[in-house]
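Chains as they are written, first to last, in our numbering: chain S, 1 to 766; chain Z, 767 to 1063.
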């Protein structure tokens, strides 16, 4: 019902907005670094006289509509000297600006959007972090990590200590869409979750949308994490790199000719090189690597082609046993500007995740392979007609190929969990209407059709989840289709020059999910799709927030509340077997869920001390008929209170101190409340699902960055980063296990992963 | 045939990479009220068939669980045989047949326990049933030496035709007549999912450590392991069991040590086949055997 009402509202708004307005001219252009020519994302351009402003997009382009006449515009960007310029507006015109970098902050490549944008944009639950902000946070073992940084944002919880899984506003980790240059990353972790797959050196920045996802994207309930590699046109060859305890990195950027540039980045761990030196482990391998490549070619000022590739792999090998997993993401994006008001983008993407287990051990020979592959085509258009008609629309088609486990063993037949495929088509349209300087409305709808397509097999189950029948489908047969309308609407009402109230209402649907019911997850968890037995998961979320900046945008504060209701939400039967299971659908149990919370954030953007502090109070619960006897239980990621601090203190350009501190209520857990005995062994009788909580989580991380010659005129610049992870050696339980001496009393033990972990990293750039 | 588990084991190699440690923990919970635990087995071996009754206790209680005396316990089958079980004088709570007796294949066994466990003056009745399968003829077994990670082992290779349809197996080994793995947490079980309806050959059912490596093991590990010496007489006993019994053993093994954050699901109660509000299990098994002598490597 809610969806229908939202659709009607959107339609009315669309029609109703054909409205007369004072004629304004559009000034547009590119904001770039005066020295390198790198385009600047999120640079602010503001007209005092019109009290209007905007910020540049990821290509450094801005667009500002102004009434004809003289205007003084200010262009500003963190780490650069602000520029004031008088312009005369007569007709639509193009105007580029170049900013000069500050000496002490010259290393900044990109930073977050200007602060007032956060107040002004009709967007809730959106956090941005720049590559530099991420880099400044103390990192575990010196490995700068995008996902660890995300876990410090309000409303985002890590799902296990030190892991790369994250839960957004009480949702499951597989309800986050992770895009890396527009390609889906299905498993964002290295080393079973210890590090994430994103090499911070090649990244320009990230955007996290906590529910109010732009209609252009869909397919996940909880969030979109949009990670982009650097997108600028470097004016000269440069090299960035680092040596750490775990891995080393090297990234080069260079123009190839006046129209073409290239970015190549690599990172590899080298623990196995040390292993080879020991007798005991000389036949073992243990490594991960990431390779990124990107070529940008500008045919003209209007046409541009980007080719990007990512390949990341983990390898664990011990004598004849091997386990590996890898992500591949390829994309080609062609963008064309028909005019200064009309952009288009055509992209083709390939994303794959696969893993394999191999054994050459005598009489245990086997191989196991599994994969998921996506092929997709997208067309996006952005048409700016007036303040009332700023329309984005487009379409996409994705072919998903699921290849669950295939096991081969000598002497017996292969064991194969049936492959299946799905075809997903989407259309979207959205409009951002600025009714007045005070009120802007953004609304749109996304329509998706998701079809299961042969070759495939569909099983029928009875009420006890026993297979009663199966139907085989030929290649190309469409045997089940779901349609989804996903309306999303948001407004911003500016209550003052530096403050605003916002609200949003969104509906999201999800068609594919991860077969995982463990706390930390594993690389062997497989993705499976909705189908005859499993309906798409759905979420409706309403959120509202108050945003206010202080001290000439030096302090950025916000408070957001949300309430979401989920239907067809998935959990798995007690003792379910999710691996090597042809009848996985029979392990799925569905019900409803709800989550609500308040997120308060304070961010200081300038000065000697920068950083942020946030507090989240939230609750997330599930009600599923066949789990916990139908009683409502807490979602595994429910943490009532969560408090994060991230601070950077730049004492001098030479010395910088950084610290993060995290406090969170312990995760819900099920404890044994009784025991029964068989043959001298005790077995647990449990409490209700997630009735208790683990001890509270706390962690302090520190780092000190020493830049020997910050003012040196030389191109080569180096810095040392010394960091300590978990500085006061808090023992945070990763898991709780039970043991009993023969016939003796059971006792509990917590397993914790990290003591104090010091590390040192050397970074360089020239 | 814990093939997968074996491979997962290599992942635990990571543990030397991550400095994981343990610390004792004090868990305080409300205690659940006592429930009756019934554990009864009927085997095809000629032995005293027994049913044990005990009371549950708080999980971290330092005293052993109490046995439950004075119940009337009866096992019957679908052909009309009835065994009235007698509580052992010297072991209260253990109810046994009068004489050693064999369970017979292709019969359904019924357990009935009557006792006033909740002490309200009215006797409650607990019932369960389990089907005893016919035995699986094993062709042969072979003990084959192998080495892995600088340690020597003997593989137990079993040659057997696995019948079509979903089947579940429980198997155990005897070395020189001594039964190994007599605790549920150590039971060896498998379903036939991976090799349904095929002839099984040259697949190792178990790895026994070689006695010559004894010194390479930690004392704790060595204490629980069964080392083989050339000339040892090894016997396998393989039984087809019900799905319920298979799941019971598997769940007991999953829950015995608490959660596994990477490969395990959330903690869940172990299911029982006993009706009437008790925990535990009533099961049957009918083993067939094959044997081999450990060769000189």
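In this text, a Cβ means the ideal position worked out from N, Cα and C, and glycines have one as well.
Because the structure is a prediction, the values reported are computed rather than measured.
Rounded to whole angstroms, what is the Cα-Cα separation between residue i and residue j?
i: residue 164 of chain S; j: residue 157 of chain S; result: 10 Å
i: residue 713 of chain S; j: residue 126 of chain S; result: 38 Å
i: residue 746 of chain Z; j: residue 808 of chain Z; result: Past the boundaries of the shown model lies residue 746 of chain Z; chain Z is included only from 767 to 1063, so the question cannot be answered.
i: residue 912 of chain Z; j: residue 919 of chain Z; result: 5 Å
i: residue 92 of chain S; j: residue 25 of chain S; result: 5 Å
i: residue 789 of chain Z; j: residue 1032 of chain Z; result: 21 Å
i: residue 291 of chain S; j: residue 311 of chain S; result: 5 Å
i: residue 412 of chain S; j: residue 241 of chain S; result: 50 Å
i: residue 872 of chain Z; j: residue 993 of chain Z; result: 36 Å
i: residue 305 of chain S; j: residue 410 of chain S; result: 49 Å
i: residue 361 of chain S; j: residue 367 of chain S; result: 11 Å
i: residue 885 of chain Z; j: residue 802 of chain Z; result: 12 Å
i: residue 430 of chain S; j: residue 333 of chain S; result: 21 Å
i: residue 767 of chain S; j: residue 245 of chain S; result: This structure does not reach residue 767 of chain S, given that chain S is present from 1 up to 766, and the question cannot be answered.
i: residue 319 of chain S; j: residue 628 of chain S; result: 43 Å
i: residue 497 of chain S; j: residue 70 of chain S; result: 22 Å
i: residue 382 of chain S; j: residue 673 of chain S; result: 59 Å
i: residue 977 of chain Z; j: residue 321 of chain S; result: 24 Å
With a Cβ-Cβ cutoff of 8 Å, do residue i and residue j count as a contact?
i: residue 753 of chain S; j: residue 162 of chain S; result: yes
i: residue 225 of chain S; j: residue 176 of chain S; result: yes
i: residue 335 of chain S; j: residue 349 of chain S; result: no
i: residue 656 of chain S; j: residue 592 of chain S; result: no
i: residue 896 of chain Z; j: residue 816 of chain Z; result: no
i: residue 719 of chain S; j: residue 648 of chain S; result: no
i: residue 1035 of chain Z; j: residue 1048 of chain Z; result: no
i: residue 653 of chain S; j: residue 590 of chain S; result: no
i: residue 351 of chain S; j: residue 184 of chain S; result: yes
i: residue 416 of chain S; j: residue 432 of chain S; result: no
i: residue 205 of chain S; j: residue 263 of chain S; result: no
i: residue 124 of chain S; j: residue 545 of chain S; result: yes
i: residue 96 of chain S; j: residue 29 of chain S; result: yes
Quick check on residue i - is its C-beta less than 8 Å from some C-beta in chain Z?
i: residue 684 of chain S; result: yes
i: residue 477 of chain S; result: no
i: residue 607 of chain S; result: no
i: residue 518 of chain S; result: yes
i: residue 622 of chain S; result: no
With a threshold of 8 Å between beta-carbons, can residue i be considered close to chain A, or not?
i: residue 522 of chain S; result: Protein chains in the displayed structure are S and Z, and chain A is not among them.
Determine whether the Cβ of residue i lies closer than 8 Å to any Cβ atom of chain S.
i: residue 1069 of chain Z; result: Beyond the ends of chain Z as shown, which are 767 and 1063, falls residue 1069 of chain Z; an answer cannot be given.
i: residue 811 of chain Z; result: no
i: residue 1064 of chain Z; result: Since the first residue shown for chain Z is 767 and the last is 1063, residue 1064 of chain Z is missing from the structure and cannot be characterised.
i: residue 948 of chain Z; result: yes
Of the residues that make up the region 915–939 of chain Z, which ones have a beta carbon closer than 8 Å to any beta carbon in chain S? Under the 8 Å Cβ criterion, the region 915–939 of chain Z contributes 915, 916, 921 and 923.
Give the residues from the region 724–744 of chain S that approach chain Z closer than 8 Å (Cβ to any Cβ), ordered along the chain. So the list reads 731, 733, 734, 735, 736, 737, 738, 739 and 743, given in the order they occur along the chain.
Which runs of the beta strand (DSSP E) at least 3 residues long sit entirely within the region 979–1058 of chain Z? Give them in chain order. Taking only runs of at least 3 residues, the beta strand (DSSP E) segments lying wholly in the region 979–1058 of chain Z are 999–1007 and 1045–1051.
Going along the region 1007–1028 of chain Z in order, which residues come within less than 9 Å of chain S, judged by CB to CB distance? Residues of the region 1007–1028 of chain Z with a C-beta atom less than 9 Å from some C-beta of chain S are 1013, 1016, 1017, 1018, 1020, 1021, 1022, 1023, 1024, 1025, 1026, 1027 and 1028, listed in chain order.
Taking a cut of 9 Å between CB atoms, which residues from the region 646–680 of chain S lie near chain Z? Answer set for the region 646–680 of chain S: 669, 670, 671, 672, 673, 674, 675, 676, 677, 678, 679 and 680.
Near-chain Z residues of the region 558–578 of chain S - C-beta to any C-beta below 7 Å: Result list: 572, 574, 575 and 576.
Fully enclosed by the region 932–985 of chain Z, which beta strand (DSSP E) runs are 3 residues long or longer? List check, beta strand (DSSP E) in window: 934–941, 954–957 and 970–975.
Which residues, taken in chain order from the region 965–980 of chain Z, show a beta carbon closer than 9 Å to some beta carbon of chain S? Within the region 965–980 of chain Z, the residues whose Cβ lies closer than 9 Å to some Cβ of chain S are 965, 966, 967, 968, 969, 970 and 973, listed in chain order.
For the region 890–902 of chain Z, which residues have a CB atom closer than 8 Å to at least one CB atom of chain S, in sequence order? Cβ contacts with chain S: none found.
Relative to chain Z, which residues along the region 314–325 of chain S have a C-beta separation below 7 Å, given in chain order? For chain Z, the residues of the region 314–325 of chain S that bring a beta carbon within less than 7 Å of one of its beta carbons are 316, 318, 319, 321 and 323, in chain order.
Listed from N- to C-terminal order along the chain, which residues in the region 407–418 of chain S have their beta-carbon within a distance smaller than 8 Å of any beta-carbon of chain Z? Residues of the region 407–418 of chain S with a C-beta atom less than 8 Å from some C-beta of chain Z are 407, 409, 410, 411, 412, 413 and 415, listed in chain order.
Ranges of the beta strand (DSSP E) found wholly within the region 306–394 of chain S, counting only runs of at least 3: The DSSP assignment places complete beta strand (DSSP E) segments of no fewer than 3 residues inside the region 306–394 of chain S at 321–339, 342–359 and 366–384, in order along the chain.
Of the residues that make up the region 115–148 of chain S, which ones have a beta carbon closer than 9 Å to any beta carbon in chain Z? Shown here is that no member of the region 115–148 of chain S has a Cβ falling below 9 Å from a Cβ of chain Z.
Taking a cut of 9 Å between CB atoms, which residues from the region 366–400 of chain S lie near chain Z? Within the region 366–400 of chain S, the qualifying residues are 366 and 368.
Could you name the residues of the region 334–366 of chain S whose beta carbon sits closer than 8 Å to any beta carbon of chain Z, in the order they occur along the chain? Residues of the region 334–366 of chain S whose Cβ lies closer than 8 Å to any Cβ of chain Z, in chain order: 357, 359, 361, 362, 363, 364 and 366.
Chain-ordered residues of the region 1027–1045 of chain Z with a beta carbon less than 7 Å from chain S: Only 1027, 1028, 1029, 1030, 1031, 1032, 1033, 1034, 1035, 1036 and 1045 from the region 1027–1045 of chain Z bring a Cβ to less than 7 Å from some Cβ of chain S.
Give me the subset of the region 827–844 of chain Z whose CB atoms are less than 8 Å from a CB atom of chain S, sorted by chain position. Flagged, chain order: 827, 828, 830 and 831.
Report the residue ranges of all alpha helix (DSSP H) runs contained in full by the region 879–927 of chain Z; include only those spanning at least 4 residues, in chain order. Runs found: none.
Considering only residues of the region 458–493 of chain S, which uninterrupted beta strand (DSSP E) runs meet the minimum length of 3 residues and lie entirely inside it, listed in chain order? As far as the region 458–493 of chain S is concerned, its whole beta strand (DSSP E) runs of at least 3 residues are 467–473.
Give the residues from the region 950–963 of chain Z that approach chain S closer than 8 Å (Cβ to any Cβ), ordered along the chain. Listed by position along the chain: 950, 951, 959, 960 and 961.
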